[in-house]
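Those protein sequence lines, which keep their order, are chains A and B. For reference, each letter of the first sequence is one residue, going 757 to 1047 in this note's numbering. For reference, each letter of the second sequence is one residue, going 164 to 534 in this note's numbering. Structure first, commentary second.
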Amino acid sequence: MQLSELHARSQHADRAFRVLAVVAATTVLVVLALITVTMSKRAWPVLEHMGLDFFTSSRWSAPEGIYGALPFIFGTLFTATIALALAVPVSLGVALFITQVAPPWLKKPMVYLLDLLAVVPSVVFGLWGVLVLSQHFGLGRSFLTAGIILAVMITPIITSLSREVIETTPQTDKEAALALGATRWEMIGASVLPHSKGGLVGAVMLGLGRALGETIAAALVIGSALGQITLDPYASGNSMPAVIANEFGESDGMHKSALIALAVTLFVITIIVNLVATAIVQRSMRRSRGT
Amino acid sequence: MQNLLMNKPCWLIASLAVVGFTGGISAGCKKKPDDGGGSTPGSGTATGGATAPSGGPVTLNASGATFQQAAQEVTIEAFTKANKHIKVNYGAGGSGKGRQDFADQVVDFACSDAPYKEADVGKVKGGEFFYIPNVLGAITVSYNAGVDKLQLSPETIAKIFQREIKTWNDPAIAADNPGAKLPATGIVVARRSDGSGTTENFTKFLEGAAPTAWKLKSGSTVEWPVDTQAGNGNGGVAQIVKSTPGAIGYVDLSDAKASQLKYAAVKNPAGKYVEPTAASVTAAGDGIEVKDNLVFTALNAKGDAAYPITAQSWCMTYAKQADKAKGEAIKAYFKFMLTDAQALLPEIDFAPIPKSLQERALAQVDKIQTP
């Protein structure tokens, strides 16, 4: 109904904009589809060769043609969990500090600094992890070291997005809470957090996405142990992106197919994580609307 | 995917265009070696050196083994000094990448520590090609323990790297070192985190010399025990060995020397413990059997003086060159690499190939056809 009205009124600029927008939107979808198709096609031989064992076996031996990705899937999720556990409280704390507590003269420099941290190349964090965390602090190359590095890397992103979301809380909401006698903490709990819940989950998910896919920093500090599935954070392990980065250059045949299958697995896990996040956001929004 | 990892002009295009278009990208880049730089008559002032076959500037693009990166660098420097119109770019992205790039016709020549597998030869798009062996080098078993001279047999090395021998004063190590005082410290095994031709040659050596003790087979990456330390590149392993008391790892000779590591004398098939030196590596080259296509392995070579963990490397180029100027340049470069450049190798801790092999390689280069 509205569309047809718009259509009737549309002029050259509107038509051009429409074409541009449609082209942009389809390009993204086409690229995504092409990636999925080419990667899946190349991953197929190993899935045929290993069957479901690819996801459940914990042995990875290229010379013997055995490719079980379970330890790497575990390593990816484990390090990302450590990273989130460390980064989320800090990020939310910093975001709340900047928006609600910090004096104006401190606010600007802190925002600049955080945005700067968000663009530091991951290899710099990785080298810092090798030299300082694993050698100086004696953490070795382990799940924990990788988790800490990932936490440091995603904190600025989560903080910066959370800050922007929190800033959108209407002043009237906050003033209403304060007018009812709420302390600053009660005001944050009653108006800021419920208002920004969806955006905060989104911020955390973007951070998680980066943690899952981080390659170089993880490859440098995770220890590259094969077949390790343990909850001991001091143990060496491996993650999917790190294995791909380490082994792709010298791989051929089935081995290369196995590495591409790892990439597809990572892709699927990322999609699942995003779907879950979207569901959480929608549920919390529905609940806060009271329907 | 491979195109994304190339350090070439098309790398840029590829990275901009995102993974999905790989097919199109590689098609666009494949032409590069043929139409790029080479045949532009009249575009340059002929600064021709003595061996200049034609006046115009020529660029040769190559990729391959990191093992012979240093060898290629000194060769290129000396060669281009004498042939100012020829430019050679060597991208050390690994043997596997070199073989892939060469098969895809993305490069003019490629160098690799291992020949193609039988099944992959047919995938080389440029047709018939030659293996030109050009360098030998030692892989050391470097260690950081309170022993000045360490001797190791292949069985002992196999057991150490499989974490079956865990202390330095283990009876097996003592048996290899009669009379030596061995410390009671634990052994830390350092190995590569990245896929590598060095790992492939080291594990092939163990597979050949200690077939019953070595169970991990051979390859660019093997299933290392979980409690081993991983380092990136020869340099990364050398760094772990240097900084960890009790550590042992396999490192190529030039990196071991650069990090001032101590390395073991390894027992060869003749039963002698031999230290890795330029002389013992060339000695290994004398005791090898070479096939007609110049494919061979220098591991576990015969001869009393031969160092058993000696690795070899080849450069590969097409038997029929498509471009005259490039073909001539490749022939000139390969000839230089097999003659004058051989003398430069010991300085960087590599060894020249033996005389008999050199003659056969030169004969092969003569067979390269140009239009």
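Where is the CB? At the ideal position from N, CA and C, for every residue including glycine.
### Query
Which term fits residue 996 of chain A, buried or exposed, when burial requires 16 or more other beta carbons within 10 angstroms of its beta carbon?
buried
#### Entry: Contacts that residue 780 of chain A makes with chain B (C-beta to C-beta distance below 8 Å)
Correct list: empty, because the minimum Cβ distance to chain B is about 14 Å.
### Own chain, CB closer than 7 Å to residue 1024 of chain A, minus 5 neighbours either side, in chain order
The same chain holds no residue with a CB closer than 7 Å to that of residue 1024 of chain A once the five nearest residues on each side in sequence are set aside.
### Query
Out of curiosity, what's the CA-to-CA distance linking residue 882 of chain A and residue 1020 of chain A?
24 Å
### Query
Any idea what DSSP makes of residue 330 of chain B, helix, strand or coil?
strand
### Task
Spell out whether any CB of chain A is found under 8 Å from the CB atom of residue 357 of chain B.
So yes, residue 357 of chain B belongs to the interface.
### Task
Evaluate the contact criterion for the region 391–409 of chain B versus the region 350–361 of chain B: three or more CB pairs, one atom per stretch, below 8 Å.
yes
### Query
Counting only beta-carbon atoms, is residue 890 of chain A nearer than 8 Å to chain B?
no
### Message
Using only the alpha-carbon positions, how far apart do residue 970 of chain A and residue 847 of chain A sit?
### Response
When the Cα atoms are used, residue 970 of chain A and residue 847 of chain A turn out to be separated by approximately 19 Å.
### Message
I'd like to know whether the C-beta of residue 803 of chain A is nearer than 8 Å to at least one C-beta of chain B.
### Response
no
### Collapsed DSSP secondary structure at residue 380 of chain B in the structure displayed
Coil at residue 380 of chain B, not helix or strand.
### Task
Report the option in B/435, B/388, B/479 and B/314 whose CA atom is closest to the CA atom of residue 284 of chain B.
B/479
#### Entry: Listed by chain order, chain B residues near residue 923 of chain A by CB distance under 8 Å
Here the premise fails: no neighbours, minimum Cβ distance about 33 Å.
### Query
Between residue 819 of chain A and chain B, is there a C-beta pair that is closer than 8 Å?
yes
### Query
Near residue 992 of chain A, what residues of its chain come up, given a Cβ to Cβ distance below 6 Å and the 5 sequence neighbours on each side ignored?
Short of 6 Å from the beta carbon of residue 992 of chain A, and not among the five residues preceding or following it, lie these beta carbons of its own chain, in chain order: 897, 898, 979 and 981.
### Message
Can you confirm whether residue 329 of chain B, when its beta carbon is compared against all beta carbons of chain A, has any partner nearer than 8 Å?
### Response
no
### Proximity to residue 961 of chain A [Cα-Cα], best of A/1028, A/869 and A/816
A/1028
### Message
Would residue 305 of chain B and residue 425 of chain B qualify as a contact pair, given that the criterion is a beta-carbon distance under 8 Å?
### Response
yes
### Message
Using only the alpha-carbon positions, how far apart do residue 200 of chain B and residue 261 of chain B sit?
### Response
Reliability of the predicted coordinates at residue 200 of chain B is poor, the pLDDT of 38 falling under 50, and the value obtained from them is presented with this limitation in mind. Roughly 21 Å separates the two Cα atoms.
### Task
State the Cα-Cα distance for the pair residue 294 of chain B and residue 267 of chain B, rounded to the nearest angstrom.
17 Å
### Query
Whose Cβ in chain B lies nearer than 7 Å to the Cβ of residue 847 of chain A?
Residues of chain B passing the Cβ test: none, with the nearest at roughly 29 Å.
#### Entry: Backbone secondary structure at residue 220 of chain B - three-state DSSP
coil
### Query
Within 10 angstroms of its Cβ, does residue 1041 of chain A collect 16 or more other Cβ (buried), or is it exposed?
exposed
### Query
Does the separation of the CB atoms of residue 361 of chain B and residue 397 of chain B fall below 8 Å?
yes
#### Entry: Residue from A/913, A/943, A/912 and A/937 with nearest C-alpha to residue 927 of chain A
A/943
### Task
Kindly say whether residue 227 of chain B, judged by its beta-carbon, lies nearer than 8 Å to any beta-carbon of chain A.
no
### Task
Could you work out which residues of chain B lie near residue 796 of chain A, taking near to mean beta carbons separated by less than 8 Å?
Those within 8 Å of residue 796 of chain A in chain B number zero; the least Cβ separation is about 12 Å.
### Query
Which residues, in chain order, does the region 369–387 of chain B contribute to contact with chain A at a C-beta distance below 8 Å?
379, 380, 381, 382, 383, 384, 385, 386 and 387
### Query
Starting from residue 406 of chain B and walking both ways along the beta strand (DSSP E), at which residues does that stretch end?
Run containing residue 406 of chain B: none in the beta strand (DSSP E); it sits in the alpha helix (DSSP H), 396–406.
### Query
Are the C-beta of residue 815 of chain A and some C-beta of chain B separated by less than 8 Å?
With 8 Å as the cut-off, residue 815 of chain A counts as an interface residue toward chain B.
### Query
For chain A, is any of its Cβ atoms less than 8 Å away from the one on residue 237 of chain B?
no
### Query
Could you give the distance in angstroms between the alpha-carbon of residue 202 of chain B and the alpha-carbon of residue 801 of chain A?
Residue confidence is low: residue 202 of chain B scores 38 on pLDDT, short of 50, so the model does not pin down where it sits. No coordinate-derived value is stated.
### Message
Tell me whether the region 856–872 of chain A and the region 949–966 of chain A touch, counting them as touching only if at least three CB pairs, one residue from each stretch, are closer than 8 Å.
### Response
no
### residue 514 of chain B, buried or exposed, once every other Cβ within 10 Å from all chains shown has been counted against 16
buried
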